[in-house]
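Report on one structure; see the data block that follows.
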Ligand code: URP
Ligand code: ZN
Ligand code: ZN
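Numbering (my numbering), first residue to last: 7 to 471.
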């Protein structure tokens with residue numbers, strides 16, 4: 007029987023804290039209490055002065071994804087290695103069928119790719135096209151494969167964007183099946199119009215990306231998605247909320263009882279739109295993602311929305327490319343592969359800016375990085391909590407230690423970091439994933455393929471974020 011004792015730390019849960027030892031045995035949390043005894047062959051981690059918390063759950067990643075004429079830089083091995091080094095013990099990635107492709111067939115491809123993951127993983131399904139076959143297969147996905155969340159794009163006209171008519175039909179199907187609807191909310195028609203306008207005006211640099219995706223287009227699409235969800239009666243999750251208008255639309259809807267919640271990303275809390283005005287193409291293009299980084303005044307609104315519970319989760323939207331890949335859009339910003347990295351940095355950045363910065367408590371940090379995602383995506387009570395019987399997904403953070411984030415030292419498979427040079431205080435020394443000590447203060451011990459697939463059950467009862 008394999009066991010690890012984390013001794014003398016302060017356990018932080020979403021609803022409180024206590025000073026206690028924590029014993030992991032055979033992949034589960036087996037004991038919590040003062041002065042726990044252990045066997046001679048138990049590994050002991052001394053956590054005096056440290057915080058012991060549930061491993062991060064990243065509900066929004068894109069590993070190995072073919073996209074915009076290339077494939078993202080991190081596969082399920084390098085990406086999950088980076089996640090483990092940054093304290094994330096489970097991810098939910100997106101399966102992306104091609105137009106007309108069977109979602110079940112796409113799932114089997116993604117399951118095959120994900121076989122090399124070192125942490126546990128589940129999937130959302132992107133509704134990349136709509137028709138009777140997709141609707142039929144959704145039932146099999148939910149009932150037999152535990153895919154219980156479906157993502158819809160209101161942006162990317164001519165690609166992933168669906169017509170409202172199809173979204174409404176698919177939302178109804180989600181409702182029938184007890185599944186959660188997710189939206190990428192930006193107005194794709196107006197973005198296409200503005201992109202053409204920028205290019206016609208000779209604006210080909212990454213600045214055109216910013217100028218063609220103003221925040222009111224995110225606010226409009228968020229409001230429209232909420233209206234479709236409200237009328238069809240499906241619970242809604244808005245991914246990567248970046249704009250105050252979108253956060254406010256979610257807050258208003260929640261105020262009148264609509265079942266909607268949202269996620270934001272650390273980058274939207276700290277990086278502003280000035281990055282697109284930088285004359286260095288590699289730097290500016292390295293920040294091209296959708297929605298784009300916003301003017302600084304949006305950040306305070308997002309922090310308040312996190313603290314108030316309007317936005318219940320943080321993800322990374324990890325979708326990273328090398329500088330070389332971003333150069334696909336050297337002469338046309340609309341061809342720059344969209345996405346940034348961050349799977350390794352989320353917890354460090356959020357602790358540093360959020361907890362050290364006095365924006366959120368350590369308990370809220372746990373809720374926002376782990377517990378709420380587990381509840382929202384039906385991984386609860388197995389994951390996202392420090393209780394006897396839960397999976398032993400545990401991290402140990404030393405609040406006194408500091409480090410500097412950089413592409414040169416990251417495990418993410420790219421030569422760029424949006425966090426380049428940022429010094430963070432509060433370092434994750436240990437990551438345990440189902441009891442396996444996969445990250446030990448710089449030592450990566452994760453075995454390729456040790457991650458398990460996480461099927462999730464559908465909602466048989468009202469959605470509670
Ligand atoms: O720019 C982004 N966010 N890339 C990933 C795909 C998506 O829209 O989530
Ligand atoms: Zn998106
Ligand atoms: Zn995404």
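C-beta: ideal position from N, C-alpha, C; glycine also. Keep in mind it's a predicted model, so treat the numbers as computed, not measured.
Look at the alpha carbon of residue i and the alpha carbon of residue j, and state the distance between them as a whole number of angstroms.
i: residue 396; j: residue 233; result: 37 Å
i: residue 357; j: residue 408; result: 12 Å
i: residue 341; j: residue 72; result: 14 Å
i: residue 100; j: residue 296; result: 16 Å
i: residue 27; j: residue 65; result: 29 Å
i: residue 464; j: residue 362; result: 37 Å
i: residue 351; j: residue 299; result: 17 Å
i: residue 54; j: residue 241; result: 42 Å
i: residue 388; j: residue 195; result: 41 Å
i: residue 445; j: residue 10; result: 13 Å
i: residue 292; j: residue 43; result: 50 Å
i: residue 12; j: residue 154; result: 34 Å
i: residue 378; j: residue 390; result: 8 Å
i: residue 492; j: residue 164; result: The structure shown does not extend to residue 492, since the chain is modelled only from 7 to 471, so the question has no answer here.
i: residue 453; j: residue 161; result: 38 Å
i: residue 4; j: residue 459; result: The chain is shown only over 7 to 471; residue 4 falls outside these bounds and no answer can be derived.
i: residue 412; j: residue 238; result: 45 Å
i: residue 284; j: residue 146; result: 48 Å
i: residue 508; j: residue 186; result: Lying outside 7 to 471, the shown extent of the chain, residue 508 is not represented and no answer is given.
i: residue 253; j: residue 47; result: 50 Å
Taking the continuous alpha helix (DSSP H) assigned at residue i, which residues delimit it?
i: residue 326; result: No alpha helix (DSSP H) holds residue 326; DSSP gives it neither H nor E.
i: residue 18; result: Run containing residue 18: none in the alpha helix (DSSP H); it sits in the beta strand (DSSP E), 9-19.
i: residue 233; result: 221-238
i: residue 382; result: 378-382
i: residue 292; result: 287-292
i: residue 86; result: 84-91
i: residue 199; result: 194-206
i: residue 109; result: 109-119
i: residue 481; result: Residue 481 cannot be examined here, being either before or after the span of the chain that is shown, 7 to 471.
i: residue 60; result: Per DSSP, residue 60 belongs to no alpha helix (DSSP H); it is in the beta strand (DSSP E), 57-60.
i: residue 68; result: Note, residue 68: premise wrong, no alpha helix (DSSP H); not H, not E.
i: residue 309; result: 303-314
i: residue 256; result: 250-261
Would you kindly report the start and end of the unbroken beta strand (DSSP E) that includes residue i?
i: residue 26; result: 22-31
i: residue 435; result: 429-439
i: residue 98; result: 94-101
i: residue 403; result: 400-410
i: residue 35; result: 34-39
i: residue 443; result: 442-446
Quick one: is residue i buried, meaning 16 or more other Cβ sit within 10 Å of its Cβ, or exposed?
i: residue 455; result: exposed
i: residue 24; result: exposed
i: residue 224; result: buried
i: residue 45; result: exposed
i: residue 114; result: exposed
i: residue 422; result: buried
i: residue 280; result: exposed
i: residue 193; result: buried
i: residue 203; result: exposed
i: residue 244; result: buried
i: residue 467; result: Only weak support is given to the placement of residue 467: the predicted model assigns it a pLDDT of 42, under 50, and the value that follows is read from those uncertain coordinates. The residue in question, residue 467, is exposed, as its Cβ has fewer than 16 Cβ neighbours within 10 Å.
i: residue 470; result: The predicted model places residue 470 with a pLDDT of 40, which falls under 50 and marks its position as unreliable; any figure quoted below should be read in that light. Its Cβ having fewer than 16 others within 10 Å, residue 470 is exposed.
i: residue 32; result: exposed
i: residue 415; result: exposed
i: residue 138; result: exposed
i: residue 394; result: exposed
i: residue 269; result: buried
i: residue 8; result: exposed
i: residue 124; result: buried
i: residue 301; result: exposed
i: residue 263; result: exposed
Got a sec: does ligand 3 put a non-hydrogen atom nearer than 7 Å to the Cβ of residue i?
i: residue 323; result: yes
i: residue 245; result: yes
i: residue 293; result: no
i: residue 417; result: no
Is residue i near ligand 2, judged by its Cβ being under 7 Å from some heavy atom?
i: residue 394; result: no
i: residue 151; result: no
i: residue 296; result: yes
Indicate whether at least one CB of chain B lies closer than 8 Å to the CB of residue i.
i: residue 75; result: This model lacks chain B altogether, as it is built from one protein chain only.
Is residue i near ligand 5, in the sense that its beta carbon is under 7 Å from a heavy atom of that ligand?
i: residue 130; result: Of the ligands this structure carries, namely ligand 1, ligand 2 and ligand 3, none is ligand 5.
Inset, instruction - Could you name each continuous beta strand (DSSP E) segment of 3 residues or more that falls completely within the segment 127-190, going from the start of the chain to the end? - result: 155-159, 186-190
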